[in-house]
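>
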Amino acid sequence: MATPDRRATTLALAHALSAAERGLAVLPLSRTKLPALRSPHHDDPGPACHGACGRFGHGVYDASADPARVREMFAAAPWATGYGIACGLPPFHLIGVDLDTKSGTDAPAALRELGLRHLFTVPETVVVLTPSGGRHLWLTGPPDVVVPNSASRLAPGIDIRGAGGYLVGPGSRTDHGVYGTLPGTAHLPPAACPPALLRLLLPPPRVPHRAPGGHGHGLVHFVLTAHEGQRNTRLFWAACRAYENGLGPALAAPLTEAARHTGLTEQEARATIASAARMTGHRP
């Protein structure tokens with residue numbers, strides 16, 4: 002167990018509480034950027050527990066914006082020197098774009114190239130500087146869309162932190178240095194993720210999205226085969242493709258019905274399809 006650094010822990014707690022006041026769910030991190038609290042189930046081969054047991058040590062699932070709970074977590078981890086900010090949770094549904102500069106990569110240039118190719122510009126937003134010279138861009142996503150974590154899928158050096166992931170918060174101290182906010186961005190709210198970039202962040206389909214007849218049967222099937230945890234993401238992706246191919250109005254009802262079969266309510270399905278319509282520049 003690491004030796005406590007009281008000053009670093011006090012500063013980390015102060016920064017974490019400040020983030021929690023903004024509605025961001027946080028958790029204590031060690032100097033290695035990993036969750037500071039060890040899992041209470043590390044010797045238990047049973048099914049994964051995501052915090053239902055009520056104890057600390059479940060990583061990002063411990064994250065909270067409740068000041069009392071944040072203080073309890075830091076009290077249980079006096080060796081913590083930083084804090085993580087959970088992504089994908091309300092009210093911001095944070096998406097972290099991690100631009101790396103190590104190993105000869107130029108992630109900022111790769112992101113600019115993607116923007117030119119797919120016609121999007123990253124708006125002004127919170128930017129966190131990493132000790133290695135990288136940058137974390139904070140963006141927000143729609144509440145009905147689940148953005149997965151990925152590493153260098155968009156381009157070398159660009160990692161995405163989405164649902165189930167976390168970003169190291171500014172003010173955190175690690176073995177490699179301190180994370181800080183880029184001057185002039187600390188006061189900004191996280192900006193909305195550009196629709197074209199958001200579509201790139203969603204997982205590609207595993208089935209053809211158009212049937213031989215060209216009527217979008219594959220899109221409906223793609224939604225019908227969604228498992229729990231994929232339903233909104235698959236529906237949103239399929240609806241985006243439908244609108245982009247001029248099939249949106251015709252497929253709205255079949256996609257809604259397919260989503261209902263997977264367990265979504267009609268209201269949830271309609272909201273997701275409407276969100277996809279707006280994201281692709283169409284009226285729902």
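Take the sequence shown: its letters are residues 2 to 285, numbered as in the working numbering. Idealized CB from N, CA, C, for every residue including glycine. Values in this document were obtained by computation on a predicted structure and should not be read as measured data.
Whole angstroms is fine: what's the gap from Leu252's alpha carbon to Glu73's?
C-alpha separation (whole angstroms): 49 Å.
> I'd like to know whether the C-beta atoms of Gly85 and Lys34 end up nearer to each other than 9 Å.
Result yes, Cβ atoms of Gly85 and Lys34 sit closer than 9 Å.
> Give every residue of the same chain whose Cβ lies closer than 7 Å to the Cβ of Ala260, excluding the five residues on either side of it in the sequence, and list them in chain order.
Val224, Arg232, Leu236, Ala270.
> Whether or not the region 100–108 and the region 139–151 are in contact is what I'm after, with contact meaning three or more pairs of Cβ atoms, one per stretch, closer than 8 Å; do they touch?
Output reads no: the region 100–108 does not touch the region 139–151.
> Which residues in the same chain as Ala78 place their Cβ atom closer than 6 Å to its Cβ, once the five residues preceding and following it in sequence are excluded?
So the list reads Pro29, Ala37, Leu38, once near-sequence residues are dropped.
> Quick one: give me the first and last residue of the alpha helix (DSSP H) that Val71 is part of.
Unbroken alpha helix (DSSP H) run through Val71: 68–77.
> Whose C-beta lies closer than 7 Å to the C-beta of Pro92 among residues of the same chain, with five residues either side of it excluded?
Counting only Cβ-Cβ distances below 7 Å, and skipping sequence neighbours, we find Gly24.
> Closest to Asn246 by C-alpha separation, out of Leu198, Pro255, Leu220, would be which residue?
Per the Cα distances, Leu220.
> For the ligand ATP, is there a heavy atom less than 8 Å away from the beta-carbon of His119?
Inclusion of the ligand ATP in the displayed structure is not the case, the ligand content being empty and no account of it being possible.
> Are the region 123–136 and the region 182–192 touching by the rule of at least three beta carbon pairs closer than 8 Å?
Yes, the region 123–136 is in contact with the region 182–192.
> For Gly89, tell me which candidate among Tyr167, Asp107, Ala110 has the shortest Cα-Cα distance.
Measuring from the Cα of Gly89, the nearest candidate turns out to be Tyr167.
> May I ask you to report which of helix, strand or coil DSSP gives Leu95?
Strand.
> Exposed or buried, what is Thr234 when buried is set at 16 or more other beta-carbons lying within 10 Å of its beta-carbon?
Buried: at least 16 other Cβ atoms inside 10 Å.
> For Leu18 and Ala26, what's the separation of their Cα atoms in angstroms?
The alpha-carbon atoms of Leu18 and Ala26 are separated by roughly 10 Å.
> When the distance is taken between beta carbons, is Gly249 closer than 9 Å to Ala278?
Yes. Within cutoff.
> Considering only the beta carbon of each residue, do Leu198 and Cys241 sit closer than 9 Å?
Cβ atoms of Leu198 and Cys241: not closer than 9 Å.
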